[in-house]
Structure formats: C-alpha cells, structure tokens
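See below for the structure under consideration.
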Amino acid sequence: MGLTHIQDAFARAHAEGRPALMPYWTLGYPDAETSLRVIEAIARAGADLIELGVPFSDPLADGPVIQHASQVALDRGITIRKCVDLARRLREHGVSAPLLAMGYLNPLIAFGEPQYVAAWRDAGADGFIVPDLPPEESETLGSLCAAQDMALVQFTAPTSTEARIALAAARATGFIYVVAVTGVTGARDHLAAGLREYVERVKARADGKPVVVGFGISKPEHVREVGRFADGVISASALIRAAGQAPDPVQAAYEFVKALRG
Amino acid sequence: MTQQLPDPNGKFGPYGGRYVPETLMPALDDLIEAYEEFREDPSFRAEFEHLLHTYVGRPTPLTYARRLSEHLAGAQIYLKREDLAHTGAHKINNALGQALLAKRMGKQRVIAETGAGQHGVATATACALLGLQCVVYMGAIDMARQQPNVDRMRLLGAEVRSVDSGTKTLKDAVNEAIRDWVTNVRDTYYIIGSALGPHPYPLICREFQSVIGREAREQMLTQAGRLPDEVIACVGGGSNAIGIFHAFLHDPVRLVGVEAGGYGLNTGKHAARLAIPDLGFAIADSGNEQSNIETPNGKAENLNSTIHNPKSKVGVFQGMRTMVLQNDDGQIAETHSVSAGLDYAGVGPEHVYLRDLNRVEYTAATDDAALAAFHTLCRLEGIIPALESSHAVAEAIRRAPALPRNSILLINLSGRGDKDLNTVMKHAQRTG
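Protein chains in written order, with the working numbering: chain A, 39 to 300; chain B, 997 to 1428.
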C-alpha cells in the first residue's frame, strides 16, 4: 500500500514499454453498487491505477459529464463515508491496483483532514488528488499524507510558469498530474497542440517523479500518442460518457478500458 | 486593523487565500501584479475617479430620513444613497473599476456571474462604456425570476448564458464563470461581483467599494456635524458592507452586518453564515418539535422533514476559505432568501475575520422583516429600496426605538427596488 504501491504500478507499466493507465470513475454513479462493479471491471480490463471520484456539489474544475455523474451520485445518497466503504469493498473483492481518491477540499475539511486521510488509508487507498488545493496551501494535508505513507498529487497546467512547475514538482508525491488543456475536464477529439513540448518541460523539473497526463484523453490513439512522452494517462469523462448511460455500464466500462489499454 | 490585510498570501487571519485549479493560479498572479501597478498609477486613478463623478453620479447623496426617524421615535436615521448610483446599486463601483483594470491589462473579453442581475447589469454597462465583449452567467431559475435584468443586460450588448447545473442559482453561475475562465483565461477577465472568491478579488472589490464609506464619513461630518453611532449594511457576499465599513473601522462606531434570515434561523431556510454561532444552530435544529410554517408559496411545509441540517462552518468554497453553509458531509447547502442578492452559501472572507475580532456584529433579518421594512421606507421616505438593502433597513427599525434621540444610525441603502417589484407585489397579494 501507499507510495511504494504507486511507484510499483508505474515501474511495471514502464517495464512493459507502455504508459500507466489510470481510468477515473465517480463513486456512487450511477448508484453505489453499480459503481463498485464498474470499478472492478475497470481493474480487470487492465487499469494500472484507478482514480476514485468523490462527489461534490460544486465541482468547479469539472465539465458537464463529471458534474452530472457527481450530482446523480449525491442525489442517490452518496456520502464521504459511503465512498470510503466502497474503496474498502474494492480491496475485499481483490482489486489490487493503487486507488487515488479525487475530491474537492470542502468535504475533506468537513470530514476532518486527519480523519479523512486515516479513513481512506484504512480502507486501502493509496493517495489523494485535490483539484482546488494549490501547492501553496497543501502543507497541512501534505504532512498528514506523508505521515501515513500516502500520496498527495500536485497539478501543472498549460498556463503554469516554470517556477510553478518546479513548485508542483517539489511538493508532489505519487505523481505529477499534467492538465493537458486550458479548460475543465471533458472528452475531446484531439490532443492539445504543443502537448509533447509542455510535458517535456514538466519532466525536466519532475525530479524523477512520474508525469501523468489527464483532461481530454478519450481514445486509444490518444493513449498511444501520449505514452510516447508521458509516464501515464488519465481518462475520465470519455469513460463515464461511454459507460454511464450504457445498458450495461459494467460491460461498457470493461470494453472501453480494454480498448484504451490496447 | 485590517487596512494592511490581506497579507501577501491573500489571507485575513486564517480566511481568504487562493483555492482554485492550477490553471488559474498564474492568472491570479498576473491580476495581483496588474492591480498593484494600477492602484498606484495616477492616470488609472484619475480615469476611475473621473468616471465615478461624471458617469456613475458620485458622490451619491446622504439623506436624513426625517419621517422614518420620527416614526421610530429613537435614533436619527441617515441613508447613504447607493440606490442613486448609475444602474441603481453600488455594484457599478466595482464593475467599472475592474472593467478599467481589464482594459489596462489588454483583455478584450469580460465574464461575470450574477444572481439578481444587478452585478450583471453593472458589468454589461461598464463593458458597453469601455467597448469590451461581455458574457454574463446566470442561473436558469434566477433568469426566470429576474427577467427585466436579463433584458437590460441584452440591451447593453451582453450575452447572457443560462446555467442549468446544480441549484441553477448564483453559486452555480459562479461555478460556470470559473469554468469559462479556466478555459479562456488567456484573453478573458473575470469580474467577480462581490468581495469574495480567490485573492486578490476580495481586496480589489473592497478597494473599489470603499469610496462608499469615505464619502459617507465625510458627509456625516458635514451634514450632522459628527460620526454616526452605528453603521448598518446588508451582507450577501458582503461588498456594500465592506465598502461602507472600512472608513469607520478605526472610529468609535458600531458596525452591524445584516444577513438574510429567510424563513427564520431555526428553519434551515436562510442564508445566515455569520449571524449565529455553530453551536446555537445545532441546538436550534436538534429539537423534536415539529415546526410548520407558512411559506411564501402559501403552503404549510413541515420543514423538519426537508431540512438537511445545514450548518455554517469554516470551509473552502469558490476559491476562498470562509464560513460556508453546508450539510454534515461538506456538500454546499441550498440557501434561501426573498432577496436573490443575499442568497449565497459563502461570505467574503474579511467579514469572517471582522467577526472573529468582534469589530463587526452580524445579525439577520427575516424575509418578512425585510418586506415590512421595504414598505415602511416606500411610504415614509418615498424611496423604493432593494430587498437586499431592506434587510439593513429592517435592522435599523428594530434597533432605533431603544436608542436615545440624539444617536445616529447610518444605513447603507445599497440599491433601489425596481427589480424587486414582482416579488413584492406577489407577496403583498398573498398577505392581502
């Protein structure tokens, strides 16, 4: 568990000559039990790591697809505690890939930062992604995570200056999340222009930490292309769009991730 | 006291700061730099002050409310007349200042959020004046209930985009504006409508609104020969309040912020983030008593069955650390107020700090008290106030009778009530 578990996942993918694949799914979407089975299917299809979306009422970094999934999950009664329980059940059901809880700051503060970190760790999760927590404000949570051997991921954006990339890289544990586009989450047809050059800039300052590209990764060819220069890829909205409304979300998610894995 | 705040990290004590996606952090850095540059730039200040004088109509008057004072038979009441500013509210001070800043920064596209539509109208106005493209995000529910302001914005050349996510009100319009800004940050300036959001917005808004307090303080000294005993202002995000309070922070003057009490603070349907301590709220809501109250829809509602026990707690919302109305799980609560401008789950971070310092006292007025104050001011003074401002009037009406005749209450009358006629007339019909 923890940071070593995350490092091992990247090392294994690297040894196989491919980027680590990190699909995202919203816990509780379309309902708690289905989300559990979907995430198990994502793991079976070959996910190297899994990002678990923790729903929030006001997800300001997310586009319409993840907003909708979060709202549906909340309307059906998902809570932080239920999210943590789902993670625990994933472990009990044999899902072994590293699990990263992606959630906004306010529910985390309401739960209590030390309690939040401890609860996810006890459930078997490996780290956290907090999109509205910039590195400047991440010291408290970062220390709590470090004390529990858990990752606190930091972001870079296309607008980040060299100094901000260096700051994110210095504070990141687990990996550096490279936001590929200037925008919110959402499927896109094409990769952003200049993505390779931007990822190389981050890698130059990454101090060996894995560099993972997310936002707009929607197709197998995106994964192949980004895999040439990044250590991993995250696919979120495209997966939720493909599987969330499908007659059989479990099967649809399995096929989508299998295809991304190639 | 807080003149030197926020600190370089944008903090007022533990509140404020910057909690936004990384994409926006460099834009906030740019904004801080540009603002620091232009606030010291004589040509920028001169242009802003010239427009305030010749376009906004500043200084706005200070009116002695003679008949209201006589009626209350206590303190003497003065009104700072922001309702007489161009576009009918104090919002234009901030919108114009920030639109000038946008233009100086070379941004051609301006976005804004709006609840009741006053900030949207003010921003659309400033953009028309300065030749900037303007897009305003507005919740679908707010668009339906504030149609005249939607028409005004469109007449002024702005594009109004309907927001259908979440509760379809102000907070969702802010989310959508932030999403637009994340996407178009390179050429777009986001004018936030109140003293909230990530640093440096609470600072910038306060500075552009502080003209209200500077004028009012001078006018009090000239017209009444002394400072008021108390200054009362309504608090939604808190821009008109911070704007008038700041000039009086170091004076022996009591400062009172009035939040939206909605149906009452023990109903779970209000927008009071500061007015009562956390504990009091928990106690008020934990009783087994069934409270059935008459809602403005005329239906008796068993509120205990619908309350999700919202509490005001320190949290992070829309870029700032502040007091936030939320449920036990940290999800942002749906708020209620008869006035759309006060109907918001968060509050400007400086207000939380001023509360902690005990420098400003925060209280709440219910919908009913605000509506009654609205009618009182109409009939006694010939002034139709905004429902937001009516909350401050209600608090003055409550306090004045117990105060000596030689004491003075100054109310910030932050806006005029033309936009609220629909709401007020509907309510008047119901109550006969």
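Ideal Cβ placement from N, Cα and C applies to all residues, glycine included.
Practice prompt. Could you tell me the distance, in whole angstroms, from the CA atom of Pro145(A) to the CA atom of Tyr154(A)?
Written response: For the purposes of this step, residue 145(A) is taken as the residue at position 107 of the first sequence. For the purposes of this step, residue 154(A) is taken as the residue at position 116 of the first sequence. Approximately 9 Å between the Cα atoms of the pair.
Discussion item. Does the contact criterion of 3 or more C-beta pairs under 8 Å hold for the region 1336-1346 of chain B versus the region 1216-1225 of chain B?
Written reply: no
Worksheet item: In the structure shown, what three-state DSSP assignment does Gly1257(B) receive?
Response: In the second sequence, residue 1257(B) corresponds to position 261, counting from 1. If DSSP states are grouped into helix, strand and coil, Gly1257(B) belongs with the strands.
Discussion item. Can you pull the chain A neighbours of Gln1104(B), defined as C-beta to C-beta under 7 Å?
Written reply: On the second sequence, position 108 is the one that residue 1104(B) refers to. Within chain A, no residue comes near Gln1104(B); the closest Cβ sits about 17 Å away, beyond 7 Å.
Discussion item. Give me, in chain order, the residues of the same chain whose beta-carbon lies closer than 8 Å to that of Ser256(A); leave out the 5 immediate sequence neighbours on both sides.
Written reply: Position 218 of the first sequence holds residue 256(A). Same-chain partners within the cutoff: Ala225, Arg226, Asp227, Ser273, Ser275 and Ala276.
Item to complete: With a cut-off of 8 Å on the beta carbons, I'd call Met39(A) and Leu90(A) a contact; round off their distance for me.
Response: Here residue 39(A) refers to the residue found at position 1 when the first sequence is read from its first residue. Here residue 90(A) refers to the residue found at position 52 when the first sequence is read from its first residue. Rounded, the Cβ-Cβ distance is 15 Å, inconsistent with contact.
Worksheet entry | Residue of Glu1078(B), Asp1138(B), Leu1152(B) and Gln1143(B) minimising C-alpha distance to Cys1130(B) | Position 134 of the second sequence, counted from the first residue, corresponds to residue 1130(B). Cys1130(B) has its Cα closest to that of Leu1152(B), out of Glu1078(B), Asp1138(B), Leu1152(B) and Gln1143(B).
Worksheet item: Can you list, in chain order, the residues of its chain whose CB lies under 7 Å from that of Ala1388(B), leaving out five sequence neighbours each side?
Response: Stepping through the second sequence from its first residue, residue 1388(B) is reached at position 392. Here the set comprises Ile1228, Ala1229, Cys1230, Val1254, Ile1407 and Asn1408.
Worksheet item: Can you name the residues that DSSP bridges to Glu1155(B)?
Response: Numbered from its first residue, the second sequence carries residue 1155(B) at position 159. Glu1155(B) pairs with Val1131(B).
Discussion item. Using beta carbons (cut-off 8 Å, strictly below), is Phe94(A) in contact with chain B?
Written reply: One-based indexing of the first sequence puts residue 94(A) at position 56. So, interface residue.
Discussion item. Please return the same chain residues whose Cβ sits closer than 6 Å to the Cβ of Leu138(A), not counting the five positions on each side in sequence.
Written reply: Within the first sequence, residue 138(A) is the residue found at index 100, counting from 1. Closer than 6 Å at the Cβ level, and outside the excluded window around Leu138(A), lie Glu89, Gly165 and Ile167.
Practice prompt. For the beta strand (DSSP E) holding Gln1322(B), just list the boundary residues, first then last.
Written response: Residue mapping note: residue 1322(B) aligns to position 326 of the second sequence, counting from 1. Taken as a continuous stretch (DSSP letters only), the beta strand (DSSP E) holding Gln1322(B) covers Met1316 to Gln1322.
Worksheet entry | 8 Å Cβ cutoff met for Thr194(A) and Glu1018(B) | Taking the first sequence and counting its residues from 1, the one referred to as residue 194(A) is at position 156. Taking the second sequence and counting its residues from 1, the one referred to as residue 1018(B) is at position 22. Yes, the pair counts as a contact, with Cβ atoms nearer than the cut-off.
Discussion item. Against chain A, does Lys1422(B) count as a neighbour if the rule is that its beta carbon must be under 8 Å from one of theirs?
Written reply: Indexing the second sequence from 1 puts residue 1422(B) at position 426. For Lys1422(B), the answer is no, since every Cβ of chain A falls outside 8 Å of its Cβ.
Item to complete: Report yes or no: is there a C-beta of chain B within less than 8 Å of the C-beta of Ile147(A)?
Response: Here residue 147(A) is taken as the residue at index 109 of the first sequence, counted from 1. So yes, Ile147(A) belongs to the interface.
Item to complete: Report the rounded CA-to-CA distance for Arg50(A) versus Leu41(A), giving the unit in angstroms.
Response: By one-based count along the first sequence, residue 50(A) stands at place 12. By one-based count along the first sequence, residue 41(A) stands at place 3. Spanning the two alpha carbons is a distance of roughly 14 Å.
Discussion item. Can you determine whether any heavy atom of the ligand GTP sits closer than 7 Å to the C-beta of Asp1176(B), and answer yes or no?
Written reply: Among the components of this structure there are no ligands whatsoever, and the ligand GTP is therefore not found.
Discussion item. Measuring straight from C-alpha to C-alpha, what distance separates Trp63(A) and Val217(A)?
Written reply: Along the first sequence, read from residue 1 onward, the residue named residue 63(A) stands at position 25. Along the first sequence, read from residue 1 onward, the residue named residue 217(A) stands at position 179. One C-alpha to the other measures close to 18 Å.
Worksheet item: Exposed or buried, Pro188(A), counting other C-beta atoms within 10 Å across all chains shown (16 or more means buried)?
Response: Here residue 188(A) refers to the residue found at position 150 of the first sequence. Looking at the sequence provided, one finds Met at residue 188(A) rather than Pro. Burial call: buried.
Worksheet item: Beta-carbon of Phe1313(B) versus every beta-carbon of chain A: anything under 8 Å?
Response: On the second sequence, residue 1313(B) is found 317 positions in, with the first residue counted as 1. Yes, its Cβ sits closer than 8 Å to a Cβ of chain A.
Fill in: Span separating the alpha-carbon of Ile77(A) from that of Asn1089(B)
If you number the first sequence from 1, residue 77(A) lands on position 39. If you number the second sequence from 1, residue 1089(B) lands on position 93. So the alpha carbons of these two residues sit roughly 51 Å apart.
Fill in: Near-chain B residues of the region 156-180 of chain A (beta-carbon distance less than 8 Å), N- to C-terminal order
Pro169, Asp170, Leu171, Pro172, Glu174 and Glu175
Worksheet item: What does a CB cutoff of less than 7 Å around Ala297(A) pick up in its chain, not counting 5 residues either side in sequence?
Response: Mapped onto the first sequence, residue 297(A) falls at position 259. Contacts found: Pro258.
Worksheet entry | Segment limits, alpha helix (DSSP H) that includes Gly91(A) | As a first step, residue 91(A) must be located in the first sequence, where it is residue number 53. Segment Ile88 to Gly91 is the beta strand (DSSP E) holding Gly91(A); no alpha helix (DSSP H) there.
Worksheet item: Within the 8 Å Cβ cut-off, does Ser1161(B) reach chain A?
Response: Looking up residue 1161(B) in the second sequence gives position 165. At least one chain A Cβ lies under 8 Å of Ser1161(B).
Worksheet item: Taking a cut of 9 Å between CB atoms, which residues from the region 196-208 of chain A lie near chain B?
Response: Pro196, Thr197, Ser198, Thr199, Arg202 and Ala206
Discussion item. Rounded to the nearest angstrom, what separates Ala157(A) and Arg126(A) at their Cα positions?
Written reply: The residue given as residue 157(A) occupies position 119 in the first sequence. The residue given as residue 126(A) occupies position 88 in the first sequence. Going from the Cα of Ala157(A) to the Cα of Arg126(A) covers about 10 Å.
Fill in: Where Gln1114(B) falls: helix, strand or coil (DSSP)
Counted from its first residue, the second sequence places residue 1114(B) at position 118. DSSP places Gln1114(B) in helix when its eight states are reduced to three.
Worksheet item: Taking Cβ to Cβ, would you say Ala1173(B) is nearer than 8 Å to Gly1209(B)?
Response: Indexing the second sequence from 1 puts residue 1173(B) at position 177. Indexing the second sequence from 1 puts residue 1209(B) at position 213. No. Outside cutoff.
Worksheet entry | Within-8 Å CB hit, Leu112(A) to chain B | What you label residue 112(A) is simply residue 74 of the first sequence in a count that begins at 1. Leu112(A) counts as touching chain B.
Item to complete: Evaluate Leu1353(B) with the Cβ neighbour count: other Cβ atoms within 10 Å of its Cβ, from every protein chain shown; 16 or more gives buried, anything less gives exposed.
Response: As a first step, residue 1353(B) is located in the second sequence; it is residue number 357 there, counting from the start. Counting Cβ neighbours within 10 Å, Leu1353(B) comes out exposed, since fewer than 16 surround it.
Worksheet item: In the region 249-281 of chain A, which residues sit with their C-beta less than 8 Å from some C-beta in chain B, listed in chain order?
Response: none
Worksheet item: Near Lys241(A), what residues of its chain come up, given a Cβ to Cβ distance below 6 Å and the 5 sequence neighbours on each side ignored?
Response: For the purposes of this step, residue 241(A) is identified with residue 203 of the first sequence, where counting begins at 1. Within the same chain, Lys241(A) has close Cβ partners Val249.
Worksheet item: If Ala1256(B) and Thr1359(B) are in contact, beta carbons under 8 Å, what's the gap, nearest whole angstrom?
Response: Here residue 1256(B) refers to the residue found at position 260 when the second sequence is read from its first residue. Here residue 1359(B) refers to the residue found at position 363 when the second sequence is read from its first residue. Going by Cβ atoms, the distance from Ala1256(B) to Thr1359(B) rounds to 11 Å, so no, they are not a contact pair.
Worksheet entry | Residues near Thr1165(B) by beta carbon distance below 7 Å, same chain, minus five either side | Numbered from its first residue, the second sequence carries residue 1165(B) at position 169. The residues are Gly1111, Gly1135, Ile1137, Asp1138 and Asp1339.
Item to complete: Check Lys247(A) in the structure and name its three-state DSSP category.
Response: Translated into positions along the first sequence, residue 247(A) becomes position 209. DSSP places Lys247(A) in coil when its eight states are reduced to three.
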